[in-house]
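Numbering (the numbering used here), first residue to last: 203 to 397.
Here's what the structure looks like:
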């Protein structure tokens, strides 16, 4: 039941968002058919050019870093984890067609879709990777969503959605820039070993 609902949802997302300088190629977890119920949901920023080309999230250098971190945990990437993004489509700069961070308005709209995705998946644990994921979560149309901004980095907290409770983990994005900092890499490794 989860898989067909999720696939239908992913293929309908472009109907709800209309922004300039956005590539509306559908990008979603390639291992949907192998998921256990209520998988851990990992939320990144937005797909980049590599993700659009392969139509899957986290396939570039940040993806390699994330795969390394997942390998440190006790979870199976294909079965236990669903990877998604704060904004579901690639955002790019007008000049040069380079990836760009989603704007606040885009993250607000993305948050509405994220909430619908969470209602389908009902993940037992949600991991927010980096500022865009944290910001998008704080925009969820829930009265207590802004609480997430007060969560300490590398912490796991209980969050009440109203329709269910889940644990929310807040940490850094495993981008090459942050991952190459020894302190951030060490804190990410410790966080993933302990989840």
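From the three backbone atoms N, C-alpha and C, an ideal C-beta is built for every residue, glycine too.
Nearest-angstrom Cα separation, counted from residue j out to residue i
| i | j | result |
| --- | --- | --- |
| residue 256 | residue 246 | 16 Å |
| residue 226 | residue 220 | 9 Å |
| residue 222 | residue 365 | 34 Å |
| residue 235 | residue 241 | 12 Å |
| residue 282 | residue 306 | 30 Å |
| residue 259 | residue 267 | 13 Å |
| residue 280 | residue 237 | 7 Å |
| residue 376 | residue 203 | 32 Å |
| residue 249 | residue 213 | 15 Å |
| residue 379 | residue 310 | 26 Å |
| residue 239 | residue 224 | 31 Å |
| residue 252 | residue 291 | 12 Å |
| residue 264 | residue 386 | 13 Å |
| residue 293 | residue 244 | 19 Å |
| residue 262 | residue 353 | 28 Å |
| residue 218 | residue 228 | 13 Å |
| residue 336 | residue 230 | 19 Å |
| residue 384 | residue 288 | 26 Å |
Whole-number beta carbon distance between residue j and residue i, since they are thought to touch under 8 Å
| i | j | result |
| --- | --- | --- |
| residue 207 | residue 322 | 5 Å |
Contacting residues, own chain, Cβ-Cβ under 8 Å from residue i (five flanking each side not counted)
| i | result |
| --- | --- |
| residue 343 | 313, 314, 317 |
| residue 391 | 271, 274 |
| residue 346 | 361, 362 |
| residue 357 | 371, 372 |
Where the alpha helix (DSSP H) through residue i begins and ends
| i | result |
| --- | --- |
| residue 243 | Here residue 243 belongs to no alpha helix (DSSP H); instead the beta strand (DSSP E) covers 242 to 246. |
| residue 209 | 204 to 214 |
| residue 267 | 263 to 274 |
| residue 379 | 378 to 381 |
| residue 390 | 384 to 396 |
6 Å Cβ shell around residue i - same chain, five flanking residues per side excluded
| i | result |
| --- | --- |
| residue 339 | 330, 350 |
| residue 285 | 231, 244, 259, 260 |
| residue 295 | 302 |
Start and end residues, beta strand (DSSP E) containing residue i
| i | result |
| --- | --- |
| residue 171 | Only positions 203 to 397 of the chain appear in the structure, and residue 171 is not among them; the question remains open. |
| residue 372 | 367 to 373 |
| residue 330 | 327 to 331 |
Other residues of its chain near residue i: CB distance less than 7 Å, five sequence neighbours each side excluded
| i | result |
| --- | --- |
| residue 333 | none |
| residue 211 | 318, 319, 322 |
Residue i at chain D interface by Cβ criterion, 9 Å
| i | result |
| --- | --- |
| residue 206 | As a matter of chain content, chain D is missing from the structure shown, which is built from one protein chain. |
| request: Decide yes or no for the touch test of the stretch 326 to 341 against the stretch 357 to 374: beta carbon pairs closer than 8 Å, at least 3 of them. | output: Counting Cβ pairs under 8 Å, three or more are found: they touch.
| message | Using a Cβ distance threshold of 8 Å, determine whether the stretch 294 to 311 contacts the stretch 271 to 278, with at least three qualifying pairs required. | response | No, the stretch 294 to 311 is not in contact with the stretch 271 to 278.
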